[in-house]
Structure formats: C-alpha cells, structure tokens
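In order, the protein sequence lines correspond to chains A and B.
For this note's numbering, count along the first sequence from 1 and bump the result up by 357.
For this note's numbering, count along the second sequence from 1 and bump the result up by 58.
C-beta atoms are modelled at their ideal positions from N, C-alpha and C, and glycine is treated no differently.
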Amino acid sequence: MTDVLEVKNVRVRFRVKSNFQALVQGIEDPFIDAVRDASFAILEGETFTLVGESGSGKSTLALAVAGLLPAEEGSVRFGGAEVTTMDHAALQAYRKQISFMWQNPVGSLSPRLSVGSLITEPYKIHKLAERDLKAECARLLKMVGLPREFSTRYPHQLSGGQARRVGVARALALNPKLIIADEPTAGLDVSVQGEILNLLNRLQDELGVAMFIITHNLNIVRHISDHTAIMYLGRFVELGPTDDIFEQPRHPYTLALLSANPEPDPDAAISRIELKGEVPSLMDRPGGCEFHTRCPFVGDGCDTNPPPLFTVSGAHTLTCHYPRG
Amino acid sequence: MNDALLTIRDLSVHYHTDRGELKAMRHVNMDVPGGSIVGVVGESGCGKSTLISSIIRLLASNAIIPCGSITFEGRDLLGLSREEMRRLRGDRISIVFQDPMSTLNPVLSIGRQMVDIQYRSSASRAHKIKRATEMLASVGISDPGSRLKQFPHEFSGGMQQRISIAMALQAEPALLIADEPTTALDATLEVQIIHLLKKLQTDIGCSILFISHHLGVIAELCDYVVVMYAGEVVEEGTTREVFHNPAHPYTERLLRCDPASIATKTRSLPTIPGEIPDLVTLPQGCIFKNRCEHVMTQCEHLVPAWIESHSGHFVSCHLAAKPGND
C-alpha cells in the first residue's frame, strides 16, 4: 500500500506579539509553536487518528495539512506532490482530492442554504456543475442513509446526527482520496455517535477513502483507527498502530490519558495515573522534556535534556527518557 | 430515600409552540437526598434542561406548568414569589454551567466577579476578597491572591471551570446543580473536576444534581441515578443497581452503546435505531415502544406504571411488571 499523505517535521508558528511589543516587553521570540516536528504518514484506505487535549495543536496540524495554514518548516506530500509550496491553482486542485468535515455539525452548514445546495456546493466551487446535480444529491443522500426529501430541508430542521450525515455527504461529493474529520462525534449522543462511526467505517470499506480523524474521545479511537498519534503541547509524544498504543502504551502521558477514561461501571477497579497541575503555556514551554512538569515518573535529566526518540517496534515510537512498561 | 432536600412530584412542563403544545416533561418524580450526588442521564431532547430551568424557575416565557410540585427545604418552589425565589438562587441553590468561557464575564477580573456575587453579605470588602481568595485556593488554584486580578481568558479551560465551581459554592448552597460541567474538557481534566466536586461536596455537605450524558462520569461520581427519555423518568435507583441491573430497555441499550464499555475492537458499534417521538402529538402507551427490542402488545396502548423492581430501584416498563419477573 502506498502513502496518501506524508507529513515530515512540520512546524506551525503563530505570532502572538508585534515586534514593537516584543521589543518593549523584552520578549526574544514573539511567536509560539503550535505544532512542532510532526511526522506521520497515512496509507491508502487507512484511518489515522490524532488524540490530544484542547490546545495541543490537533486542529492546527489538520489545517496545515489542508494547506489552509502555512507550515513554517517541514513538508506535506500528497500523492508525491509537495503541498507547502503549492500556488493557488495547485492548491485548488489539491483540495478537490481532500475534504474537510468541520467540528460543529450544525454550525458548519450555512443556515441559508438547503441541504441539496449544501451537498452540491463542492461541484459548483470546482466548476463541475454541468452534471445532473439533482441525481448527485440523491446519490449522496442515499450513501449516508438520509431520505431523498431531505434535500429541501434547512440546517435548523436537522438534528445533530442528521446534520453530521449531511457533512459526511458533502465531504464525499468529489470522491476524495482523503477526508479530514475534526471531532466527528463531538456534541452527539452516545447512540448517535455509534451511527456516525459505523457510517464512516462502512464508507471507508466501500470507497477505500483514507481518513484523518481528530478527537479527544479515546473511547472511539480503538474502534475506528489503524494508526494513532498522541499529541502534547504541539508535539507527538507517542505514535504507532492503534492496537499497540491501547494495549502497550509506553509514554507516561498516554498512560495517564488511557487511565483517566471513566468507565460506565461504578465498581470498575481503576488504577488511575493522575496528572498534577496545569497544561503549561505555549509561550513558556518547559525545558528538557516538555511533559516533565506534570509527569508522575519524572527522573534524572527530564528537566534538562530533550527526550530521545525511542522505537518500541517497527512503527511504534515515542519520545521519553524513561518509557514505561 | 427519606430526608429529601429536593422533592419533585408529578411535575409536567409544556411549551406553547406554533404546532401546538410541546409536552417537554411529563409527570416527573425525583428525590435528591441531603448530602448526596444524584445524576441525571439522558440524550438530547430528554428534558434535562427543562428540568434544571424549572427547579431554578428560569423557564422560557412560553412554558407552562400544568401540574406538579417542587419542594426544596420544605417549601414549594412553584408557589414562591419572584423576590423569594431570587433570594434562594445563588444562595441556597446554585448552578455550574456547561461552558465555563461563557459563564464568566470576559471584561471583568475574576476577583471583581467573585466579590460582586457576595452582594448579599454585609461583610467588608477586605473580608469578601479574603473569602474569594479562600475559595480559589480550595479549588486548587495556586497563588490565588494575585490571580484574582486576572481575567477569564488568562486561565485554561479546566481552571475556568474550577473558578465557576468556586463561585457557585462560595455561598455554601444546599443544592448545586451541575449541567454537564465536564463536556467541554478533556479526559484528564474531567477526572480532576469530578474529584474536586466530590471533595467539595463532602466538605460543604451540600447535595449535587449532576446532569450528564457521559455514563462513565455518572458511574464514578453519583450515588443515585435518574434516567430520562423523551421527557419522562424511565428508571431511578442507586448508581450501582441501575448500572449493574438496568431494568428499563432504554437504560440497557444506552449502557451497551457507550464505546467505553466495548473492550474488544469492533467496526460496527451498537446504536439505538429510531428517533424520539414527536412531543407535540404523543404516542399512546409506552414512550419507548417504537425503539424497544422487547415491545409487547400492552406497550401499544397502556402507559407502564412506575413500579419498584427492587427496593429503591424504580422503573416504568411492562417487562418489570410481569409476574414472576423481578
């Protein structure tokens, strides 16, 4: 299987102070690194999941992959072509092959457009509107399990789950090679979450489309994803096949995340690793290992030396001085 | 459940809409015993928000209450004047909302907001500041004195929610309503907030009515749990009883649907097919019949009675009423 997407050492920076402010306040670096040294690959027809707390840089990385934010360093290659240096025309062509599902299912649909117009909008944007849009709309609605009559409805008439299905239909319109989904189940009820994930799984089996899913809901990750990366303060701390990450997590942060997950059983024997303190500010990254301020297993050198890359086996890697397990 | 702090009996809330009367909540019974944590579980549209708004009497203007009573500390809240109700809110009953960022005023410092809400107290300003400092410290915010000068955006999401909790508990209320307080947070912070709530609840000795659709959080935090579906309470009991022996088919399906309870990897997750019925034109019989796996003939016409399937474990389902099935 070949890579659909290959991301190498991507770094995304945001300016937080003007040069003048920085000068007056004596700040050396008026930028923050929202994403640093992110490297991963997504194989054809595979699902890659990015897990991390809010503010850890998940969405920023997704936007950089879609070419919607400039990457300061590193490369994003899609089907062999470099995305970071593309001009406007090339980006247009690139975006025909990837599609985005935004976080808020209802909020990401224009309230003034009917479902039919929303679903067929990608054809108009990419100047493919000469085809029979009505038939396309019916085909897409059928694919996501919505009745044909829905094409005349407006977003406020939809439930969260239905709005999400419309989002899926729209993402599928141009037959993309890659779908980027930002929190596809956030804000949905448990029973509806299952429906949406089953739909995504089914469509992937049928169409062979690759998926890049961003979530902080660990419970769903193991059921949908092939590879998983755990992100902390804009860096990957652990990356590997999803089964390995869940069965043999080695990074203390991954362990804490997995053990923090409350189980729906009042008698669940929970051996929980609790994290102390707050997530540090990106303006003031800790030295050495950036997790050492909250790590329960902190040891010699953690606060001074950046952790080395540790390979567990094959694709399972992490950055830690003292891997667990 | 004796010595209830809050008792709700036969409470219905309807909303006037263009299509007719929307029966958002129907004949709800519920008890919150003193010093306990009661969880309310249910999916969107089940009436959770209507329940909260009716307890604090902040229902939308198109709402009507055809029947029922809400008794809090021996007084019927529905019979209180606006002035009496205002005196209870924030003092005896307080609330923590879902999104901390929109709870706090973005243009006032935390200290100003925490002093402002003590307007009922005749204590000196210095004393109020001292009280605010103590509350911030009790929710685990380091260096509370100087942080009082900071604004909401200078705090992380988890800290903002802890500040909201500090503000809600500042007057040591008898009842704290927590409306999905951890939904906007991540797993590790969620656990921090749950533990904090439990600790403060023990310290202050208040009761908490905890609304959530996260079953794991309910299981970990609550003593009792109330399951709502389409505006009705379908099951109620101790958390252990309800989670281990769910008596209502809806509760049972809901527990099965939670991806956290599925240990082995699967490509096909369980769901609850169908949708909640239209609450303007209510169906006859059981409210869950169109989605129930065990639907029987009497479910079509007969509304199931509210029966005690075990001691302290109540359910409204014809299955539980069948003779020989306990």
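Under the 10 Å beta carbon count, residue 661(A) is surrounded by fewer than 16 other beta carbons and is classified as exposed. In terms of CA proximity to residue 422(A), 536(A) leads the group 670(A), 380(A) and 536(A). Listed along chain B are 214, each with a C-beta nearer than 7 Å to that of residue 636(A). When C-beta distances to chain A are compared with 7 Å, the residues of the region 96-121 of chain B below that value are 101 and 102, in chain order. Rounded to the nearest whole angstrom, the CA to CA distance from residue 460(A) to residue 542(A) is 8 Å. Bridge partners of residue 616(A) according to DSSP: none are assigned. Counting C-beta atoms within 10 angstroms of its own C-beta, residue 562(A) has fewer than 16 neighbours from the protein chains shown and is therefore classed as exposed. Assignment of beta-bridge partners to residue 588(A) by DSSP yields 409(A) and 593(A). In this model, residue 68(B) and residue 378(B) are separated by some 21 Å (Cα to Cα). With contacts defined by Cβ atoms closer than 8 Å, residue 553(A) and residue 406(A) do not form a contacting pair. Using a Cβ-Cβ cut-off of 8 Å, residue 546(A) counts as an interface residue toward chain B, since at least one Cβ of chain B sits closer than that to its own. Rounded to the nearest angstrom, the gap between the Cα atoms of residue 663(A) and residue 596(A) is 17 Å. Flagged as an interface residue toward chain A: residue 273(B), by a C-beta distance shorter than 8 Å.
When C-alpha distances from residue 265(B) are compared across 171(B), 358(B), 234(B) and 182(B), the shortest belongs to 234(B). The continuous beta strand (DSSP E) containing residue 365(A) extends over residues 360-372. Against residue 315(B), the close residues of chain A are 547, 548 and 551, in the order they occur along the chain (beta-carbon pairs closer than 7 Å). Measuring C-alpha to C-alpha distances from residue 240(B) to each of 177(B), 217(B) and 369(B) identifies 217(B) as the nearest. Between residue 677(A) and residue 609(A), the gap from beta carbon to beta carbon is short of 8 Å. Around residue 88(B), the same chain offers 66 and 284 as residues with beta carbons nearer than 6 Å, after the five sequence neighbours per side are excluded.
Within the region 629-671 of chain A, the beta strand (DSSP E) runs of at least 3 residues that lie entirely inside it are, in chain order, 666-670. Taken atom to atom, the span from the alpha-carbon of residue 331(B) to that of residue 430(A) is near 47 Å.
The alpha-carbon of residue 408(A) is positioned some 13 Å away from that of residue 243(B). Taking 8 Å as the threshold, the shortest C-beta distance from residue 244(B) to chain A falls below it. Residue pairing by DSSP places residue 390(A) opposite 370(A) in a beta bridge. Burial state of residue 272(B) is buried, judged by a 10 Å Cβ sphere holding 16 or more other Cβ atoms. The three-state secondary structure of residue 172(B), taken from DSSP, is helix.
Any Cβ of chain B closer than 8 Å to the Cβ of residue 429(A) would place that residue at the interface, and such an atom is absent. Following the DSSP letters along the chain, one finds residue 294(B) inside the beta strand (DSSP E) bounded by residues 290-296. Taking the Cα positions, residue 591(A) is about 15 Å away from residue 426(A). In the structure shown, residue 368(B) falls within a strand segment according to DSSP collapsed to helix, strand and coil.
Ranked by how close their Cα comes to the Cα of residue 125(B), the residues 70(B), 345(B), 327(B) and 219(B) have 70(B) in first place. Contact check between the region 211-228 of chain B and the region 168-175 of chain B: three or more CB pairs, one atom from each, fall below 8 Å, which counts as touching. Looking at the backbone, the Cα of residue 420(A) and that of residue 603(A) are separated by about 27 Å. At a cut-off of 8 Å between beta carbons, residue 555(A) contacts chain B. Annotation for residue 444(A): no beta strand (DSSP E) segment contains it, and DSSP assigns it neither H nor E.
Contact annotation for residue 579(A) against chain B: 323 [CB-CB distance below 7 Å, chain order].
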